[in-house]
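J.: Below is a structure I'd like to ask you about.
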Amino acid sequence: MTSSQDNQSLPARTSASITILGSTGSIGKSTLEVIALHSRYRVFALTANNNVAEMLQQCMRFQPVFAVMVDADAANQLEQVLLGQGSTTRVLAGEEALLAVARHPSVDTVMAAIVGAAGLPPTLAAVEASKKVLLANKEALIMAGELFMQTLAASDAILLPIDSEHNAVFQCLPPESRLAGSDIRRQGVRRIVLTASGGPFRETSLDELAQVTPAQACRHPNWSMGRKISVDSATMMNKGLEVIEACFLFGVGPQQIDVLIHPQSIVHSMVEYLDGSVIAQLGSPDMRIPISYSLAWPERINSGASFLDLAKQPDLQFFAPDLTRFPCLRLGLEAAEQGGTAPTILNAANEIAVESFLRGGIGFTDIPVIIARVQAQMTCRKADSIDIIRQADEQARAIARELTARN
Ligand code: NAD
Ligand code: MG
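This note's numbering numbers the first residue of the sequence shown as -12 and each following residue consecutively.
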């Protein structure tokens, strides 16, 4: 795990023992690439749903103490092969095991990179256990934001955003108000501007949108990501979810957040101050940058990403988003305004609609239609207990499943 690039000019600093929830995914793999560059990081546990082949390779390379497969058959398979290879990694199975490795006393940092609501219980467990939590799994926060932030406030956990926009905002805020709990309005912040690439269909004709395939929707122009978030980027639901994510992370209302289309994905977001100053964070569109920033925070380390050469960049452009083209963004902004269980319902309905689209069950333009129908059939409530949140989540999923099956 050592490398000639190890910290280059920086002196050796604090070491960390890390659990990666969702290590076989896009963010999980990028995290391991950064870790491989720095000998100070030790992989304590890796977790995945059922991808045995990828997990096996990761275990052989990083020799974690634990490997968790949620799927029991996959865990058995992995255990047999690892035993045969003489590995000392212990294999655990099931959702409970995710909690155990997230809150284990030997762990100080947890990368939360499971996709979807499945990531909520282990991410919350890491927060409750006062870990340094690197949050990629935005759905966990959107589904249960108030509760999540209350749990954070009652713990000694440190929450660092991995989502590139929120990581950018974090970097642009005054240092004393970056961590959750401080009022950024008191620091002279006027507004947060989240940038969005606009995805692969920014210029596709509205007629053609109805016919786009999962493969086309997953072909993002600037970022290489998992399939669910790629579809969310294509519908721009991702930006709606990110507005909600920013409200919780930075303690502001949606009126203080603007969304700007920026097709080059070089400016990752901005903070505007009362005096008219705007501070932006720029960089190559490479998730290893926010990952390495958060891993080492408050230090800076080499990420392995390429450096920007602005003279060779095409022009940087910015446009207001078109809510007719992107109805999912409008639904996201409305849920942010509404609060309570509205984001929970939005997230659950979206997960089911996107799954169905990826399986070929519904068309691309059916995604917002299904979500709006689920919303119309449900009543929003205050999201002040885990039971209310679970109920809203389950009910929204059930209605969305019924609607997608009928479609
Ligand atoms: P991915 O689909 O590539 O990987 C998902 C990971 O979660 C895999 O390791 C998978 O095994 C695991 N997983 C899936 N379902 C699970 C379940 N039910 N229980 C336990 N584990 C499960 O996804 P990704 O693109 O790496 O995204 C991960 C999270 O990070 C998402 O919330 C996404 O919105 C967020 N995010 C990703 C990017 C990106 O560039 N990929 C950028 C910003 C935010
Ligand atoms: Mg993002």
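Glycine included, each C-beta is placed from N, C-alpha and C at the ideal position.
Treat the numbers as computed from the prediction; the structure is a model and nothing was measured.
1) Pull every residue with its beta-carbon under 6 Å away from any heavy atom of ligand 2, and keep them in chain order.
2) Please confirm whether I145 and P161 have their CB atoms less than 9 Å apart.
3) Tell me which residues share the same chain as M257 and place their Cβ nearer than 6 Å to its Cβ, disregarding the 5 neighbours each side in the sequence.
4) Give the list of continuous beta strand (DSSP E) stretches no shorter than 3 residues that lie fully inside the segment 174 to 217.
5) According to DSSP, simplified to helix, strand and coil, what is F53?
6) Nearest by alpha-carbon distance to I216: which of E324, V102 and N209 is it?
7) Under a three-way DSSP split, which group does L107 fall into?
8) Taking T222 as the reference, which of A80, N337 and L390 has the closest Cα?
9) What residues in its chain sit with their C-beta under 8 Å from that of S74, if we drop five residues either side in the sequence?
10) For D143, I'd like the list of residues in its chain whose CB is within less than 6 Å of its CB, leaving aside the five on either flank, ordered along the chain.
11) Less than 7 Å between C-beta atoms, sequence neighbours within five positions excluded: which residues of the same chain meet that for S151?
12) So, S93 versus S4, is the Cβ gap smaller than 9 Å?
13) With C-beta atoms as the reference, is A89 less than 9 Å away from V97?
14) To the nearest angstrom, report how far apart I373 and V39 are at their CA atoms.
15) Is the CB-CB distance between P208 and P250 below 9 Å?
16) Quick check: the Cα distance between Q359 and G227, rounded to an integer number of angstroms?
17) Is there contact here, the segment 237 to 251 with the segment 180 to 197, by at least three beta-carbon pairs under 8 Å?
18) Alpha carbon to alpha carbon, how far is Q57 from L333?
19) Check the DSSP bridge columns for Y260 and list the partner residues they point to.
20) Which same chain residues, not among the five before or five after C205, have their C-beta less than 6 Å away from its C-beta?
21) How is R77 classed by DSSP in three states: helix, strand or coil?
22) With a floor of 4 residues, list each alpha helix (DSSP H) that falls wholly inside the segment 9 to 38, ordered by position along the chain.
23) On a Cα-Cα basis, can you pick out the residue from Y280, A167, R189 and Q300 that is closest to C234?
24) So, with DSSP's three-state summary, where would you put D245?
25) Verify whether the separation of the beta carbon atoms of A322 and V361 is less than 9 Å.
26) Determine, using beta carbons only, whether A131 and G9 come nearer to each other than 9 Å.
27) For N394, count neighbouring C-beta atoms within 10 Å of its own C-beta (all shown protein chains included) and say buried if the count is 16 or more, exposed if not.
28) When you compare only the Cα positions, how much space is there between T331 and I357?
29) Taking the alpha helix (DSSP H) that P314 falls in, what are its first and last residues?
30) With hydrogens ignored, establish whether the beta-carbon of G12 is closer than 8 Å to any heavy atom of ligand 1.
T.: Taking the geometry as given:
1) D150, S151, E152 and E229
2) no
3) V180, V265 and A267
4) 176 to 183
5) strand
6) V102
7) helix
8) N337
9) C46, M47 and Q50
10) S117
11) H255, M274 and P277
12) yes
13) yes
14) 32 Å
15) yes
16) The question names Gln, yet the displayed sequence has Ala at residue 359. Cα to Cα, the separation comes out at about 14 Å.
17) yes
18) For the sequence presented, residue 57 should be read as Val rather than Gln. Their Cα atoms are separated by approximately 26 Å.
19) V176
20) R214 and S217
21) strand
22) 13 to 22
23) A167
24) strand
25) no
26) no
27) exposed
28) 15 Å
29) P314 to Q325
30) yes
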